[in-house]
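Each residue of the sequence shown is one higher than the one before, counting from 30 in the working numbering.
We put the beta carbon where it would ideally sit given N, CA and C, even for glycine.
As the structure is a prediction and not an experimental result, all values here were calculated from the model.
Down below is the structure, laid out as structure tokens.
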Amino acid sequence: MARAERERTGNATPNAGPEPRRRIPSVDALLRSEPGRRAIGTFGRPLVKHALSVTLEQVREAAEAGAMPPPDDEILARALALASGTASGLVRVINATGVVLHTGLGRAPLPERAAAAAARAGQGYVDLEVDRESGARGRRSTRAERLLTSMTGAEDALVVNNGAAALLLALASLARGKGVLVSRGELIEIGGEFRIPDILAASGARLVEVGTTNRTRASDYRSALTDKTALILKVHPSNYRVVGFASTPSAKDLAAIARKADVPFVYDLGSGLLERVPGATADEPSAADALADGADLIVFSGDKLLGGPQAGIVLGRAELVERLRRHPIARAVRVDKMQVAALESVLAQHAHGRGSELPVWTMIREPPAHVRHRADALAMALDGELEGAHVIACESAVGGGALPGTGIPSFGVEIRAPEPNAMAARLRTGSPSVFCRVTERGVLLDLRTVSPEAMPDLVRAVRYALEGDDLPDD
Ligand SMILES: *Cc1c(COP(=O)(O)O)cnc(C)c1O
Numbered sequence: 030m031a032r033a034e035r036e037r038t039g040n041a042t043p044n045a046g047p048e049p050r051r052r053i054p055s056v057d058a059l060l061r062s063e064p065g066r067r068a069i070g071t072f073g074r075p076l077v078k079h080a081l082s083v084t085l086e087q088v089r090e091a092a093e094a095g096a097m098p099p100p101d102d103e104i105l106a107r108a109l110a111l112a113s114g115t116a117s118g119l120v121r122v123i124n125a126t127g128v129v130l131h132t133g134l135g136r137a138p139l140p141e142r143a144a145a146a147a148a149r150a151g152q153g154y155v156d157l158e159v160d161r162e163s164g165a166r167g168r169r170s171t172r173a174e175r176l177l178t179s180m181t182g183a184e185d186a187l188v189v190n191n192g193a194a195a196l197l198l199a200l201a202s203l204a205r206g207k208g209v210l211v212s213r214g215e216l217i218e219i220g221g222e223f224r225i226p227d228i229l230a231a232s233g234a235r236l237v238e239v240g241t242t243n244r245t246r247a248s249d250y251r252s253a254l255t256d257k258t259a260l261i262l263k264v265h266p267s268n269y270r271v272v273g274f275a276s277t278p279s280a281k282d283l284a285a286i287a288r289k290a291d292v293p294f295v296y297d298l299g300s301g302l303l304e305r306v307p308g309a310t311a312d313e314p315s316a317a318d319a320l321a322d323g324a325d326l327i328v329f330s331g332d333k334l335l336g337g338p339q340a341g342i343v344l345g346r347a348e349l350v351e352r353l354r355r356h357p358i359a360r361a362v363r364v365d366k367m368q369v370a371a372l373e374s375v376l377a378q379h380a381h382g383r384g385s386e387l388p389v390w391t392m393i394r395e396p397p398a399h400v401r402h403r404a405d406a407l408a409m410a411l412d413g414e415l416e417g418a419h420v421i422a423c424e425s426a427v428g429g430g431a432l433p434g435t436g437i438p439s440f441g442v443e444i445r446a447p448e449p450n451a452m453a454a455r456l457r458t459g460s461p462s463v464f465c466r467v468t469e470r471g472v473l474l475d476l477r478t479v480s481p482e483a484m485p486d487l488v489r490a491v492r493y494a495l496e497g498d499d500l501p502d503d
């Protein structure tokens with residue numbers, strides 16, 4: 030059938046399936062084709078077959094909606110792009126968003142030493158759970174826990190897979206079947222399906238809402254306490270702030286109320302600042318402050334302001350930590366050896382008083398004038414090829430729910446583009462891949478989160494995105 034005729038048929042009867050569907054090739058036919066066989070050589074048969082099935086399903090769906098099925102070589106090309114993207118695994122990207130703890134891009138970049146420790150642990154055997162002297166079986170996170178207690182003064186510590194797991198474990202261990210008091214202003218969603226009411230429900234604890242969204246008083250907690258109350262939970266609102274006519278009792282007040290009622294006070298800090306450091310605003314609670322204020326148990330993430338790998342850290346009273354440690358969920362959410370190795374390394378750096386040298390903190394604290402040097406260098410490198418690129422002042426964000434509402438003065442290069450989203454997509458899919466911000470006029474590359482070492486790659490990637498495939502790698 031002539032192409033024009035097929036199109037006519039398709040247009041006239043958009044849902045007349047049989048006509049466009051008939052010419053959709055089978056998975057087997059494409060696998061047997063010459064390009065299909067070559068792809069099997071490159072990616073392996075299971076992956077190519079899967080990619081073809083997925084692509085053909087999309088083509089079939091589009092055909093049912095009346096679209097013309099594309100030619101076989103285009104179907105193959107789409108399937109191969111999918112197979113190739115899967116086969117290449119995680120790809121290194123340049124983060125020019127200015128968001129330091131970007132969850133989509135893997136949150137805290139590790140210092141080289143910690144990354145090397147993780148790689149070593151991954152590659153060979155390590156004394157993960159054995160005492161080398163006695164040969165006796167130990168716990169995998171003992172060293173990290175010792176570093177944590179020695180730095181914070183907490184009685185005991187426990188390390189699990191991530192912050193959400195730490196909170197789930199705490200609630201399941203201490204509050205199953207009983208009530209947990211939480212302020213209505215703290216029933217938050219962090220993103221990625223982490224919602225406080227859902228975690229509470231999953232743990233088997235019963236949520237008891239206290240106060241209102243903007244104001245919760247100490248007396249609200251007192252009057253909500255019953256003999257069915259397991260604990261008082263405070264949650265750092267992380268990525269949002271209630272401003273204006275708003276108030277909530279301090280951690281100190283809640284600790285006093287909990288102590289009087291003889292129930293634990295558990296505080297989910299979120300981002301895990303170990304102690305006050307320059308660059309952290311006053312409303313970002315630190316572990317040291319929370320413990321000093323009387324929290325019985327605190328939980329936080331390893332890959333936010335602590336600057337380490339994904340992990341969930343629990344600190345507090347020995348008797349409570351021990352109840353968490355013995356709970357079956359603890360085994361289900363344990364850390365793996367590579368996490369342990371990286372975390373030990375990062376904690377050791379904190380213990381040496383060099384936490385501010387961790388990549389997360391050097392990025393947060395770098396003076397705007399220094400960031401500007403890189404912005405100038407990028408604009409200069411693009412000059413001549415691109416008239417619309419210029420340096421502008423902008424604001425970086427810490428991200429990851431840490432230091433909400435605190436922008437960090439920064440500098441970036443804005444590139445004018447008639448279709449900013451298309452430009453951003455070209456940058457993301459280029460080589461190397463670059464993530465940027467989209468503005469009304471174009472795209473913005475915030476240089477705060479781009480290391481000096483990544484600058485040549487960034488220049489190359491931006492030129493590539495601007496000029497297309499035929500640009501030589503110079
Ligand atoms: C980020 C965050 C969590 C979740 O921690 P993950 O390590 O991402 O699982 C929990 N609570 C608060 C307050 C947070 O900010």
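Requested in this report: List the endpoints of the continuous alpha helix (DSSP H) containing P449.
Outcome: P449 to T458
Which residues in the same chain have their Cβ closer than 6 angstroms to the Cβ of R489, if we skip the five residues on either side of it in sequence? Nothing listed; no residue qualifies.
**Q.** For S202 and L7, the rounded distance between their alpha carbons
**A.** The requested residue 7 does not occur in the structure, where the chain is confined to residues 30 to 503.
**Report entry** Sufficient close CB pairs (3 or more, under 8 angstroms) joining the region 347 to 363 to the region 136 to 150
**Finding:** no
Q: Go through its chain and collect everything with a Cβ distance to V120's Cβ below 7 angstroms, but skip five positions before and after it.
A: S462
task: Return the chain-ordered list of same chain residues with a C-beta closer than 6 angstroms to the C-beta of S113, the five sequence neighbours on each side being excluded.
output: Cβ neighbours of S113 beyond the five flanking positions: none.
**Asked** DSSP three-state call for V271: helix, strand or coil?
**Response** DSSP places V271 in the coil class of the three-state scheme, outside both helix and strand.
Can we say the region 121 to 140 touches the region 331 to 340, given the rule of at least three CB pairs closer than 8 angstroms? yes
Look up P461 in the DSSP assignment and say whether it is helix, strand or coil. coil
TODO: Would you mind giving the Cβ-Cβ distance between A316 and L298, rounded to the nearest angstrom? I have them listed as a contact below 8 angstroms.
DONE: Correct: roughly 6 angstroms between the Cβ atoms.
- Message: Just to confirm the assignment: which complete alpha helix (DSSP H) runs, minimum length 4, are found wholly within the region 328 to 362?
- Response: 347 to 355 and 357 to 361
Checklist entry - Looking only at C-alpha atoms, which of R235, R354 and S276 sits nearest to D249? => result S276
Backbone CA spacing between R35 and D101 [nearest angstrom]
Its pLDDT being 43, under 50, R35 is placed unreliably in this model, and the value from its coordinates should be taken loosely. C-alpha separation (whole angstroms): 16 angstroms.
Selection from S267, L344 and G70 that minimises the alpha carbon distance to S179: L344
In the DSSP assignment, the alpha helix (DSSP H) including A410 goes from what residue to what residue? P397 to L411
*Residues near ligand 1, CB to any non-hydrogen atom under 5 angstroms, in chain order?*
In chain order, the hits are N191, G192, A193, I219, H265, S267, D297, G299, S330 and G430.
Exercise. Ends of the beta strand (DSSP E) at S439?
Worked result: G436 to R445
### Query
What's the C-alpha gap between K281 and G323?
6 angstroms
Discussion item. Please return the same chain residues whose Cβ sits closer than 6 angstroms to the Cβ of A108, not counting the five positions on each side in sequence.
Written reply: A80, L81 and T84, listed in sequence order.
For Y493, which beta-bridge partners are listed by DSSP? BP columns for Y493 are empty, so no partner.
For this session: State the CB to CB distance for the pair A234 and A259, rounded to an integer number of angstroms; the pair is presumed to be in contact (CB under 8 angstroms).
Result: With 8 angstroms as the limit, A234 and A259 qualify as a contact, their Cβ atoms being about 6 angstroms apart.
(request) May I have the straight-line CA-CA distance separating A398 from V155, to the nearest angstrom? (result) 44 angstroms
>> So the candidates are V427, R466 and G471; which of them puts its Cα closest to the Cα of E448?
In response: G471
- Message: In whole angstroms, give me the CA-to-CA distance for A45 and A92.
- Response: Any answer about A45 is weak, because its pLDDT of 46 lies below 50 and its placement is not dependable; what the coordinates show is given next. Their Cα atoms are separated by approximately 9 angstroms.
Review point. Looking only at DSSP bridge pairs, what is N124 linked to?
Key: F464
Exercise. Could you check how far apart the C-beta atoms of P342 and L177 are, in whole angstroms? I think they sit under 8 angstroms.
Key: One detail in the question is off: residue 342 reads as Ile in this sequence, not Pro. Correct: roughly 7 angstroms between the Cβ atoms.
Would you identify the three-state DSSP class for K3, choosing helix, strand or coil?
Nothing about residue 3 can be reported from this structure: the residues present for the chain run from 30 to 503 only.
Could you check if S300 is buried or exposed, using at least 16 other CB atoms within 10 Å of its CB as the buried criterion?
By the neighbour-count rule (16 or more Cβ atoms within 10 Å), S300 is buried.
Suppose the cutoff is 7 angstroms on Cβ atoms and the five residues either side in sequence are ignored; what does the same chain contact list for I393 look like?
V129, G308, V427 and I437
| said: Below 7 angstroms, is the gap between the Cβ of R445 and the nearest heavy atom of ligand 3? | reply: Ligands present in the displayed structure are limited to ligand 1, and ligand 3 is not among them.
* Can you check whether the CB of A150 is closer than 8 angstroms to the CB of M409? -> No. Outside cutoff.
For this session: May I ask you to report which of helix, strand or coil DSSP gives L487?
Result: helix
* **Inter-residue spacing [alpha-carbon to alpha-carbon] between V400 and E443** => Approximately 14 angstroms between the Cα atoms of the pair.
Same chain only: Cβ atoms within 6 angstroms of E238, ignoring 5 sequence neighbours per side: Result list for E238: R213, in chain order.
Count the other CB atoms within 10 Å of the CB of K263; is the residue buried (16 or more) or exposed (fewer)?
-> With 16 or more Cβ atoms within 10 Å of its Cβ, K263 is classed as buried.
Rounded to whole angstroms, what's the CA-CA distance from V491 to H419? Just pull it up for me.
13 angstroms
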